[in-house]
């Protein structure tokens with residue numbers, strides 16, 4: 002049976018509030034029908050400048066992205082996600098939040114700051130139901146230690162992977178894995194950008210069972 006037919010069995014429309022190809026590829030692993038749409042009017046930079054704890058900021062942004070599409074998709078379940086790297090405190094300075102670097106130089110600076118040190122990678126996911134107005138979110142935390150590498154090596158990496166839209170300035174699903182010394186956490190998909198384990202649990206809270214949706218009524222789409 003084709004993937005297209007399997008995906009059409011989804012009992013309720015899903016909309017991913019993101020145009021990230023990495024998040025889209027992760028959600029596609031579940032074999033569900035969904036649309037990927039850019040969130041409306043979410044100011045990530047303003048949120049990163051707030052005094053709130055980084056965990057709260059990640060959750061807030063994930064919810065804001067999902068809820069921003071409520072008027073456009075009033076009958077869908079809306080999924081939002083956000084990721085923040087938290088550089089450790091150093092020299093009396095507090096922890097620092099690292100969003101998307103945006104430029105090659107900023108990416109090199111982020112990696113140089115993290116090189117040889119352990120930082121936290123926070124990945125939040127939220128589901129919003131416009132019908133009820135209900136939102137739920139979850140947070141995944143990974144502790145990641147980068148290898149101590151020269152600035153020239155970091156520059157070569159950045160020019161190869163161009164991780165300009167990635168918090169922490171690495172693409173772990175590509176050459177970025179070569180930067181890693183150690184990774185501690187529960188769900189590797191979170192490091193890429195969308196914690197699927199937590200998302201499946203959130204969807205179940207809204208009555209959306211992923212296995213049933215992916216396989217069809219009574220497992221009708223399951224191949225022998």
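In the numbering used here, the protein residues as written are 2 to 225. Just so it is clear, CB atoms sit at the ideal spot from N, CA and C, and this is done for glycine as well. No experiment lies behind these values; they were computed from the predicted model shown.
Residues near residue 205 by beta carbon distance below 8 Å, same chain, minus five either side: 211
Using DSSP with H/G/I as helix, E/B as strand and the rest coil, what is residue 150? Of the three classes helix, strand and coil, the one that applies to residue 150 here is coil, per DSSP.
Helix, strand or coil: which one does DSSP assign to residue 185? strand
What separation, rounded to the nearest whole angstrom, lies between the Cα atoms of residue 165 and residue 102? Rounded to whole angstroms, the separation of the alpha carbons of residue 102 and residue 165 is 5 Å.
Can you check the stretch 64 to 141 for any alpha helix (DSSP H) of at least 4 residues that lies completely inside it and give the ranges in chain order? 105 to 115
Roughly how far, in whole angstroms, is the beta-carbon of residue 255 from the beta-carbon of residue 118, given that I think they are within contact range, below 8 Å? For the chain, the structure presents residues 2 to 225; residue 255 sits outside this window and is missing.
Assuming residue 16 is part of the alpha helix (DSSP H), what are its boundary residues? Unbroken run through residue 16 is the beta strand (DSSP E), 15 to 17; no alpha helix (DSSP H).
Give every residue of the same chain whose Cβ lies closer than 7 Å to the Cβ of residue 115, excluding the five residues on either side of it in the sequence, and list them in chain order. 88, 147, 169
Count the other C-beta atoms from every protein chain shown that fall within 10 angstroms of the C-beta of residue 55, then say buried if there are 16 or more, exposed otherwise. buried
Check the DSSP bridge columns for residue 144 and list the partner residues they point to. 121, 185
Inspect the beta-carbon positions of residue 196 and residue 124 and report whether they are closer than 9 Å. yes
Which residues does DSSP pair with residue 36 in a beta bridge? 16
The alpha helix (DSSP H) enclosing residue 22, as first and last residue numbers: Boundaries of the alpha helix (DSSP H) harbouring residue 22: 22 to 29, taken from the DSSP string.
Terminal residues of the continuous alpha helix (DSSP H) containing residue 165? Taken as a continuous stretch (DSSP letters only), residue 165 belongs to no alpha helix (DSSP H), as it is neither H nor E.
Going straight from the alpha carbon of residue 192 to that of residue 38, what length do you get? 21 Å
Have a look at 77, 104, 122 and flag the residue whose alpha-carbon is nearest the alpha-carbon of residue 96. 122
Please determine, among 215, 199, 174, 208, the residue with the shortest C-alpha to C-alpha distance to residue 81. 199
In whole angstroms, what is the alpha-carbon distance linking residue 58 and residue 142? 13 Å
Pop quiz: residue 64 and residue 136 are said to be a contact at Cβ under 8 Å. What is the actual Cβ separation, rounded to whole angstroms? 5 Å
Does the separation of the CB atoms of residue 43 and residue 69 fall below 9 Å? yes
Residues of its chain near residue 20, where Cβ-Cβ distance is below 8 Å and the 5 sequence neighbours each way are ignored: The answer, listed in chain order, is 37, 38, 39.
Given residue 110 as reference, the closest of 52, 158, 33, 179 once Cα atoms are compared: 158
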